[in-house]
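As structure tokens, the structure follows; a few thoughts come after it.
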Amino acid sequence: MVKLPEQRRWTRTTAISFASTLAIAASILFAWRYWHAQPAVVAVQRDISDVRVWWRCPDDHRFTALGATVARICPTCDQPAAVALDFLCREHGRVELLLRFQRTPDGRAAPAEYSADGSQWAPMGDAPSCPICSEPLSRVPRSLADQIADQDALR
Ligand SMILES: [Zn+2]
Ligand SMILES: [Zn+2]
69 MVKLPEQRRW
79 TRTTAISFAS
89 TLAIAASILF
99 AWRYWHAQPA
109 VVAVQRDISD
119 VRVWWRCPDD
129 HRFTALGATV
139 ARICPTCDQP
149 AAVALDFLCR
159 EHGRVELLLR
169 FQRTPDGRAA
179 PAEYSADGSQ
189 WAPMGDAPSC
199 PICSEPLSRV
209 PRSLADQIAD
219 QDALR
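The working numbering applies: residue 69 is where the sequence shown begins, and numbers increase by one.
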């Protein structure tokens with residue numbers, strides 16, 4: 069009977085020390101994950117020519133290939149194709165645009181012109197406009213496999 073409170077205290081102490089051990093382990097794990105996540109967040113600046121993207125030709129054939137600042141030739145119909153990327157209109161949702169890239173003086177590839185259908189091209193400017201309502205569009209990142217995931221490539 070006399071021993072019971074002491075035993076309880078011991079159990080509580082054990083529980084507390086177990087909990088604090090867990091907390092320390094969790095914070096170490098968190099710190100480790102945070103630290104290891106850093107290189108992925110600060111991604112290496114990717115060039116369009118390092119990334120596989122969708123290309124679309126005037127006859128609407130699609131294929132994936134590494135990005136380029138020159139037109140790639142459609143393997144189905146031999147016409148020049150352009151990089152096709154998704155953008156978002158607040159009013160009209162997903163809009164796919166064709167892009168032509170050019171090298172900037174510092175050697176990076178940047179989108180220079182865009183087109184909704186490949187017939188008329190407009191300078192990229194700050195943001196392309198929606199072909200339906202002319203409102204500025206924003207980028208929609210798709211999966212890394214088929215889209216330029218890195219915003220750096222588009223800046
Ligand atoms: Zn084609
Ligand atoms: Zn729109």
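The beta carbon of each residue, even a glycine, is placed where N, CA and C say it ideally should be. Because the structure is a prediction, the values reported are computed rather than measured.
Practice problem: Let me know if Cys-198 comes out buried or exposed under the rule of 16 or more other beta-carbons within 10 Å of its beta-carbon. | Solution: Reading the sequence shown from its first residue, position 130 is the one you call residue 198. Around the CB of Cys-198, 16 or more other CB atoms lie within 10 Å, so the residue is classed as buried.
Quiz item: Can you tell me the Cα-Cα spacing of Ala-111 and Cys-157, whole angstroms?
Solution: For this step, residue 111 is matched to residue 43 along the sequence shown. For this step, residue 157 is matched to residue 89 along the sequence shown. Reliability of the predicted coordinates at Ala-111 is poor, the pLDDT of 48 falling under 50, and no value is obtained from them.
Quiz item: Arg-34 to Gln-188, Cα distance in whole Å?
Solution: With the chain represented from 69 up to 223, any question about residue 34 goes unanswered, as that position is not in the structure.
Quiz prompt | Minimum C-alpha distance to Glu-181 - residue among Pro-173, Leu-165, Asp-174 and Gly-175 | solution = In the sequence shown, the residue the question calls residue 181 occupies position 113. The shortest C-alpha separation from Glu-181 is found at Leu-165.
Quiz prompt | Heavy atom of ligand 1 within 7 Å of Asp-127 beta-carbon | solution = Within the sequence shown, numbered from 1, the residue matching residue 127 stands at position 59. Checking every heavy atom of ligand 1 against the Cβ of Asp-127, one is found closer than 7 Å.
Quiz item: Just to confirm, are Phe-155 and Ser-206 a CB contact at a threshold of 8 Å?
Solution: Numbered from its first residue, the sequence shown carries residue 155 at position 87. Numbered from its first residue, the sequence shown carries residue 206 at position 138. The criterion of a C-beta distance shorter than 8 Å is satisfied by Phe-155 and Ser-206.
Exercise. Could you work out which residue in Ala-149, Arg-171 and Val-163 is closest to Val-121 when comparing CA atoms only?
Key: Indexing the sequence shown from 1 puts residue 121 at position 53. Considering only alpha carbons, the answer is Ala-149.
Quiz item: From Glu-159 to Asp-127, what distance separates their C-alpha atoms?
Solution: One-based indexing of the sequence shown puts residue 159 at position 91. One-based indexing of the sequence shown puts residue 127 at position 59. One Cα belongs to Glu-159, the other to Asp-127, and the distance between them is close to 27 Å.
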